[in-house]
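Single-structure report; data block below.
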Amino acid sequence: MRSGMVSVIGRPNVGKSSLVNALVGQKVSIVSHKPQTTRHRIQGVLHEERGQVVFVDTPGLHKVETRALNRVMNQAAAGAIHDVDLVLFVVELGRWTDEDQAVLQRLEGLSVPVGLVVNKIDRLDDKEKLLPLLQKLAERRDFAFIVPLSAQKRSNLGGLVDELFSRIPEGDPLYPEDMVTGNDLGFTVSEMIREKLIRALHQELPYSTTVQVEDYKREGNLDRIHAVIWVEREGQKKIVIGEGGATLKAIGTSARRDLERMLGRKIFLQIWCKIRENWSDDPKALKRFGLTPD
Ligand code: GDP
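Under the numbering used here, the first residue of the sequence shown carries the number 669, and numbering increases by one thereafter.
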């Protein structure tokens with residue numbers, strides 16, 4: 669048996685989520701994990717008889733600060749890229765931008781092997797062009813392997829999976845199979861809300877924000893969920909809520925829609941934004957939110 673962690677990185681829109689979804693199956697786009705470990709964001713887990721591959725995405729590395737939360741975040745961020753067995757760098761065929769270059773630069777000096785996935789080969793009009801394009805990419809770094817594929821058309825996914833299994837270490841699966849189907853719904857919901865928050869606020873999102881699901885009730889085909897977005901200051905609360913409540917409403921609507929699609933059930937989602945002063949400096953509060961690494 670083989671078992672390993674693979675960090676999937678690349679600029680937005682190259683097809684990272686499409687790729688992970690194509691590899692692990694439709695159902696799972698967010699997977700639960702023990703919240704007390706780290707803020708590692710697990711995208712999906714591929715189970716096969718030969719082993720298990722855990723795909724994670726890499727949160728940005730935050731600048732070093734001494735506050736308790738930031739230490740935890742830094743450990744999680746650093747861990748995501750250094751503790752993995754392999755990094756998958758995803759790019760789009762025939763399109764190399766400054767953003768791709770920036771991602772490549774972040775990988776400099778990394779001792780973990782980096783495999784290159786060249787996605788969207790279905791867009792290629794002339795097959796003859798493929799090899800020269802791949803050769804050009806090969807010059808940018810000494811990649812462990814280069815796999816051209818199409819996540820959307822599911823072409824050559826098998827080639828990539830073989831490369832993955834040949835490069836991860838021997839070992840027992842990291843996650844039990846039932847976890848891969850996302851049984852920890854509370855965690856799934858809080859991650860979904862967090863993702864929408866990040867999308868809505870970008871850099872404006874206060875660093876200390878966290879999301880907690882306080883109540884989760886299933887009533888037939890309806891799930892009633894109450895969640896809280898915790899911030900530290902009144903000003904931050906204003907940002908999260910937005911003009912006339914517009915931002916929070918948009919976050920809630922978008923999270924609810926995605927959850928309904930993912931779970932196949934009706935969702936009633938209520939989100940509050942509450943203030944807890946300086947909780948990010950308080951180890952007890954961190955523990956309550958599942959943010960202390962064990
Ligand atoms: P991410 O931001 O890197 O996670 O990218 P997404 O997975 O969200 O994909 C970005 C866009 O590229 C979406 O519109 C996808 O439908 C599209 N896409 C992903 N994979 C392929 C592919 O293999 N071929 C083509 N033509 N489009 C793709």
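In this text, a Cβ means the ideal position worked out from N, Cα and C, and glycines have one as well.
Quick caveat: nothing in here was measured; it's all calculated off a predicted structure.
Item	Value
Just to confirm before moving on: does the CB-CB distance between Ala895 and Val857 stay below 8 Å?	yes
What is the residue span of the alpha helix (DSSP H) that Met860 lies within?	853 to 869
Counting C-beta neighbours from all protein chains within 10 Å, is the total for Gly672 16 or more, i.e. buried, or is it exposed?	buried
State buried or exposed for Thr915, treating a residue as buried only when at least 16 other CB atoms are found within 10 Å of its CB.	buried
In the DSSP assignment, the beta strand (DSSP E) including Lys885 goes from what residue to what residue?	878 to 887
Considering only the beta carbon of each residue, do Asn889 and Arg822 sit closer than 8 Å?	no
Is there a Cβ of chain B sitting closer than 8 Å to that of Leu799, yes or no?	Protein chain content of the structure displayed is limited to a single chain, and chain B is not contained in it.
Any heavy atom of the ligand GDP closer than 7 Å to the beta-carbon of Ser922?	no
When DSSP builds the beta bridges, which residues end up paired with Ile814?	Leu784
Below 8 Å on the Cβ atoms is my contact criterion, and I expect Asn755 with Val786 to pass it. Report the Cβ-Cβ distance as a whole number of Å.	One detail in the question is off: residue 755 reads as Val in this sequence, not Asn. Between Val786 and Val755 the Cβ distance is about 15 Å, and since that is not below 8 Å, they are no contact.
Do Asp753 and Ile814 count as a contact pair if the criterion is CB distance below 8 Å?	no
Straight-line CA distance for Arg867 to Pro680?	12 Å
For the candidate residues Lys684, Val829, Glu776, whose alpha-carbon lies nearest to that of Gln720?	Val829
Between the C-alpha atoms of Glu717 and Asn689, what's the straight-line distance to the nearest angstrom?	19 Å
For Ile897 versus Thr877, is the C-beta spacing smaller than 8 Å?	yes
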